[in-house]
Amino acid sequence: MNGDHHETNNNDQKTPLLPIHRSQSMNSFIQSIFTFKNLFTILGPSLCIFICLFIKMENAPSTSTNMLGVLAWIFTWWLSEAVPMPVTSMSPLFLFPLFGISSSDEVAQSYMDDVIALVLGSFILALAVEHYNIHRRLALNITLLFCGDPLNPPLLLLGICGTTFFVSMWLHNCAATVMMMPVATGILQRLPSRINSGHRDQENNNSNDDLVTNFCKAVVLGVIYSASIGGMSTLTGTGVNLILIGMWKSYFPHENVISFSTWSSFAFPLALVIFLALWGILCLFYCRKGSSRALSTYLDKNHLKRQLDLLGPMTFAEKMILTVFSILIMLWMTRSITEDIPGWGSLFGGRAGDGTVSVMMATLLFIIPNKKQPGEKLMDWNKCKKLPWNIILLLGAGFAIADGFRSSGLADVLSRGLNFLENAPYLAIAPAVCLISGTLTEFITSNNATTTIMVPLLIEIAKTMHIHPLLLMIPGAIGSQFAFLLPTSTPSNVVGFTTGHIEIKDMIKTGLPLKIAGIVALSFLMPTLGPMVFGTDKPVTNVSTNYLHMCG
């Protein structure tokens with residue numbers, strides 16, 4: 001009885017705790033509702049409804065107001081990331097038909113065109129390169145070549161940065177950073193552990209320690225910035241370039257398509273100038289006199305050779321992937337050479353694009369055996385699970401927005417509102433465009449989202465100023481990639497920052513002069529090299545005329 005009574009008392013004592021537990025659960029539930037993300041999730045459609053109901057535009061169709069509301073919805077979700085960016089990127093598929101902007105078939109077509117095919121094919125090839133560790137072999141060989149005997153730190157830095165630059169020309173710049181950073185930090189691991197960790201005793205004033213630590217910073221900064229710069233030079237280096245080319249094709253379907261070779265003819269010299277500026281800045285700040293003597297104790301060619309020997313001889317699979325990649329690059333560069341010298345694309349009446357050969361060569365990887373296991377091919381679909389569908393969907397959303405911007409009539413409304421810029425000097429507008437795009441990427445959103453938002457606006461500004469649209473579109477797109485100041489600005493910056501070798505002050509110290517150098521180089525080359533490559537000194541067909549022609 002006493003035992004039962006004691007048990008009953010214990011239960012009675014526990015009973016009052018239950019309401020408190022429920023109260024805590026209720027508080028947690030309420031807190032989970034009133035969050036930053038949920039606020040912006042509701043704000044997006046609320047802004048859309050408010051604009052559609054209460055904003056009236058003079059001499060404009062109702063679809064232009066609807067398009068403005070839809071843009072407010074999508075951009076609110078993009079900028080806040082209240083809804084995952086890939087999911088937001090699919091929203092035009094239901095918003096455009098529901099608000100009468102485009103039919104479902106028209107919107108869906110934006111998510112699969114030649115540019116998207118180019119992305120798919122090139123990413124499959126990049127996954128093959130990563131799977132067989134070809135990037136590491138390439139990096140070690142080039143670094144070994146530039147190491148110097150005796151050790152030359154500026155030359156070694158040039159080799160590491162140059163390798164990253166080259167790799168990022170063909171792979172996405174984030175993937176290039178992820179691939180190259182272990183190679184770079186593997187070289188730095190030869191340094192003393194207390195320096196290599198990025199933390200030094202405050203009382204240690206040894207000049208050699210300072211020199212070695214500075215070199216570590218230079219290598220990490222060089223890798224992340226070289227990846228971003230190299231990605232500018234080709235269409236496949238970053239999604240920004242593909243968004244720009246897709247929007248150009250969408251807005252101006254009667255103009256010449258910007259091919260892989262055409263883009264590289266302009267962007268590679270620009271990227272090379274910025275890369276040399278980067279190397280100069282890093283050498284000035286971090287490779288001071290005495291670095292060679294301080295580093296030669298820890299870094300030598302024998303270490304690099306041992307790492308290369310561990311990879312063994314090149315296999316048949318590696319050789320075949322390099323062959324396929326080399327053929328693809330050659331086909332990209334020769335599809336359309338000049339107006340006087342047509343490329344192989346003319347044999348097919350212009351029906352084949354860069355995406356055609358990209359997918360064709362990627363398909364070969366699923367046919368050619370790897371000679372490791374009977375019946376096993378160079379690639380299988382399981383290896384393709386890492387395909388960046390988020391980038392592909394973002395590209396499709398950008399193209400859909402470009403089409404909706406034009407077809408809804410919002411582009412014409414915006415153009416009329418920008419008449420005050422008609423007499424603005426180009427050399428004042430172009431640097432401002434670069435700076436605004438770069439600032440948006442630094443503090444607010446990704447460079448892909450910045451380009452998607454900025455390019456339609458820049459097209460209308462160019463029309464108002466009576467200049468070729470590419471004179472502003474290209475600075476806006478490339479300027480969005482000048483995000484060098486903060487760790488969170490780009491995924492590449494995050495990769496470098498997490499190594500522990502660099503701090504925010506190091507990024508600002510190097511990134512600020514690099515950003516200025518990039519803006520100056522782009523503002524100079526666009527009006528000088530641009531006319532020769534893109535024909536920016538020639539008029540383009542009016543956007544509205546294009547659209548009416550397509551509709552009629």
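With UniProt numbering as the guide, the letters of the sequence shown map in order to residues 1 to 552.
Quick reminder that beta carbons are idealized off the backbone N, C-alpha and C, glycines included.
Q. CA-CA distance, residue 93 and residue 231?
A. Approximately 29 Å, taken between the alpha carbons.
Q.
Between the alpha carbons of residue 249 and residue 265, how many angstroms are there, rounded?
A. One C-alpha to the other measures close to 18 Å.
Q.
As a quick exercise: from 234, 453, 219 and 439, pick the residue whose alpha carbon is nearest that of residue 332.
A. Ranking the options by Cα distance to residue 332, first place goes to 234.
(Q) Quick check on residue 463: buried or exposed, where buried means 16 or more other Cβ atoms within 10 Å of its Cβ? (A) By the beta-carbon neighbour count (other beta carbons within 10 angstroms, threshold 16), residue 463 is buried.
Q. Secondary structure at residue 431, three-state DSSP: helix, strand or coil?
A. In the three-state DSSP reduction, residue 431 falls in the helix class (H, G or I).
Q | Pick from 351, 166, 218 and 430 that is closest to residue 272, judged by C-alpha positions | A | Selected option, being the one with the closest Cα: 166.
Q. Between the stretch 363-377 and the stretch 97-108, do three or more beta carbon pairs fall short of 8 Å?
A. When C-beta atoms of the stretch 363-377 are compared with those of the stretch 97-108, fewer than three pairs fall below 8 Å, so the two segments do not count as touching.
(Q) Starting from residue 508, trace the alpha helix (DSSP H) in both directions and tell me its first and last residue. (A) Counting along the chain, residue 508 sits inside the alpha helix (DSSP H) bounded by residues 504-528.
Q) Any idea what DSSP makes of residue 369, helix, strand or coil? A) In this structure, residue 369 counts as strand in the three-state DSSP scheme.
Q.
Quick check on residue 217: does DSSP put it in helix, strand or coil?
A. Here residue 217 sits in helix by DSSP.
**Q.** Pick from 481, 532, 433 and 533 that is closest to residue 227, judged by C-alpha positions
**A.** Looking from the CA of residue 227, the closest CA among 481, 532, 433 and 533 belongs to 481.
Q: Round the Cβ separation of residue 87 and residue 96 to the nearest angstrom and send it over; I've been treating them as touching at under 8 Å.
A: In this structure residue 87 does not touch residue 96 by the C-beta definition: roughly 16 Å separates them, more than the 8 Å allowed.
(Q) Would residue 580 and residue 132 be called neighbours here (beta carbons separated by less than 8 Å)? (A) It is not possible to answer for residue 580, since the shown part of the chain is limited to 1 through 552.
**Q.** Meets three-Cβ-pair contact criterion under 8 Å: the stretch 138-152 and the stretch 273-283
**A.** The stretch 138-152, when compared against the stretch 273-283, does not touch it at the 8 Å Cβ threshold.
Q) Grouping DSSP H, G and I as helix and E and B as strand, with all else coil, what is residue 377? A) In the structure shown, residue 377 sits in a strand (DSSP, three-state: E or B).
Q: Determine the direct distance from the alpha carbon of residue 77 to that of residue 383, and round the result to whole angstroms.
A: Near 31 Å, if we compare the C-alpha coordinates of residue 77 and residue 383.
Q.
Between which residues of its own chain and residue 85 is the CB-CB distance below 7 Å, once the five residues before and five after are set aside?
A. Contacts found: 78, 390 and 394.
(Q) Does the contact criterion of 3 or more C-beta pairs under 8 Å hold for the stretch 171-185 versus the stretch 118-129? (A) Three or more Cβ pairs closer than 8 Å define a contact, and the stretch 171-185 meets that threshold against the stretch 118-129.
(Q) Determine whether the beta carbon atoms of residue 219 and residue 157 lie at a separation below 8 Å. (A) With contacts defined as CB atoms closer than 8 Å, residue 219 and residue 157 qualify as a contacting pair.
Q. Hey, would you say residue 452 sits closer than 8 Å to residue 243, going by beta carbons?
A. Yes; because the gap between Cβ atoms is below 8 Å, this pair is in contact.
**Q.** alpha helix (DSSP H) runs wholly inside the stretch 385-423, at least 4 long, in chain order
**A.** If we require 4 residues or more, the alpha helix (DSSP H) runs fully inside the stretch 385-423 come out as 389-407 and 410-417.
Q) Among 40, 511, 539 and 526, which residue has its Cα nearest to the Cα of residue 279? A) Residue 511 is the option with its Cα nearest to residue 279.
Q: Thinking residue 40 and residue 82 are a contact (beta carbons under 8 Å), I'd like their distance in whole angstroms, please.
A: Right, their Cβ atoms sit about 4 Å apart.
Q: Return the CA-CA distance between residue 380 and residue 136, expressed in angstroms with no decimal places.
A: Cα to Cα, the separation comes out at about 22 Å.
Q. Does DSSP put residue 350 in a helix, in a strand, or in coil?
A. Looking at residue 350 - three-state DSSP - the assignment turns out to be coil, as it is neither helix nor strand.
Q.
Let me check you understand the geometry: is the CB of residue 353 closer than 7 Å to at least one non-hydrogen atom of the ligand GDP?
A. Because no ligand of any kind appears in the structure shown, any question about the ligand GDP cannot be addressed here.
Q: Check residue 315 in the structure and name its three-state DSSP category.
A: Secondary structure at residue 315: coil, using DSSP grouped into helix, strand and coil.
Q. In terms of residues, what are the limits of the alpha helix (DSSP H) holding residue 131?
A. Per DSSP, residue 131 is one residue of the alpha helix (DSSP H) stretching across 114-131.
**Q.** Beta-carbon gap between residue 411 and residue 374 smaller than 8 Å
**A.** Using a Cβ distance threshold of 8 Å, residue 411 and residue 374 do not count as a contacting pair.
(Q) Our contact map puts residue 458 next to residue 476 with C-beta atoms below 8 Å; I'd like the distance itself, whole angstroms only. (A) The Cβ separation is near 5 Å, so the contact holds.
Q: Kindly list the residues whose CB is nearer than 7 Å to the CB of residue 478, restricted to its own chain and excluding five residues on each side of it in sequence; keep chain order.
A: Hits under 7 Å: 232 and 522.
Q) Which ranges does the alpha helix (DSSP H) cover as unbroken runs of at least 4 residues, wholly within the stretch 27-58, from first to last along the chain? A) For the stretch 27-58, the continuous alpha helix (DSSP H) assignments of 4+ residues that do not extend past its boundaries occur at 36-54, in sequence order.
Q.
Quick check: the Cα distance between residue 508 and residue 501, rounded to an integer number of angstroms?
A. Rounded to the nearest angstrom, the two C-alpha atoms are 14 Å apart.
Q. Between the C-alpha atoms of residue 251 and residue 409, what's the straight-line distance to the nearest angstrom?
A. Taking the Cα positions, residue 251 is about 13 Å away from residue 409.
Q: Please name the residue, chosen from 111, 116, 295 and 274, that lies closest to residue 155 on a Cα-to-Cα basis.
A: 295 is the residue among 111, 116, 295 and 274 whose C-alpha sits nearest the C-alpha of residue 155.
**Q.** residue 483, enclosing alpha helix (DSSP H) - first and last residue
**A.** Note, residue 483: premise wrong, no alpha helix (DSSP H); not H, not E.
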